[in-house]
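Residue 40 is where the sequence shown starts when you use the working numbering, and the numbers rise one by one after that.
Below is one structure, written out as structure tokens; the observations come after it.
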Amino acid sequence: MLLEQKEPGGIKWSRVLPPAIVGVLITIGAAVAMNTTDQAMFCGSCHSMSEAALTHKRSVHAELACNECHAPHNLVAKIPFKAKEGTRDILATVSSNIPDLIHPGDDTKAVTQDNCQRCHSATTSTVVMQSKKFCTDCHRHVPHTPKIPVAKRSAADA
């Protein structure tokens, strides 16, 4: 009869190792999924976001992932935010309830504002934000500048 080997500390590796391997694989899978769903290629794969992805690709922020601006930078805040926004987007797509022109909600505007300030703090530190609440109130087309003629875009910029 074979007995399980115990290490000197009494740990049964046959019971510890498989869950540890599964944990590592889940962590790696979650990291890959998080990174993939942050990218413009993923976001632009839906018809409703194709225009945003196209204008982003032609912008000065083209090297950034969509969620570097559109999701919290802190991972603890990012996960529930992406889950909420992703669920909303999936439901809108499945129910064919997508507006012709998508405007960000207040949560997304606040996140985008935090990210503008995170990256551009040297510039924004001298800006007095009395008349406008968000950077995008004045810098509306960053990074989705409508460089495509209106006649060739799927929705007019409003």
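All C-beta atoms, glycine included, are put in the ideal place defined by N, C-alpha and C.
Start-end ranges of the alpha helix (DSSP H) lying completely within the stretch 105-166, minimum 4 residues: 106-109, 114-133, 145-158, 160-163
Tell me whether the beta-carbon of Asp77 lies closer than 8 Å to the beta-carbon of Cys105. yes
Helix, strand or coil for Met73 per DSSP? helix
So, is Cys177 buried or exposed, given that buried needs 16 or more other C-beta atoms within 10 angstroms? exposed
My output table needs one value for His95: the three-state DSSP class, helix, strand or coil. helix
For Ala101, does the three-state DSSP call read helix, strand or coil? In the structure shown, Ala101 sits in coil (DSSP, three-state: anything other than H, G, I, E or B).
Boundaries (first-last residue) of the alpha helix (DSSP H) holding Met168: Note, Met168: premise wrong, no alpha helix (DSSP H); not H, not E.
Could you spell out where the alpha helix (DSSP H) holding Phe81 opens and where it closes? 79-82
Where Leu64 and Thr165 are concerned, what is the direct C-alpha to C-alpha distance, given to the nearest angstrom? 46 Å
Does Val150 pass the burial test, meaning 16 or more other C-beta atoms within 10 Å, or should it be called exposed? By the 10 Å Cβ count, Val150 comes out buried.
Residue range of the alpha helix (DSSP H) that Cys85 falls in? From DSSP, Cys85 is part of no alpha helix (DSSP H); its letter is neither H nor E.
Whole angstroms is fine: what's the gap from Ile67's alpha carbon to Lys121's? 18 Å
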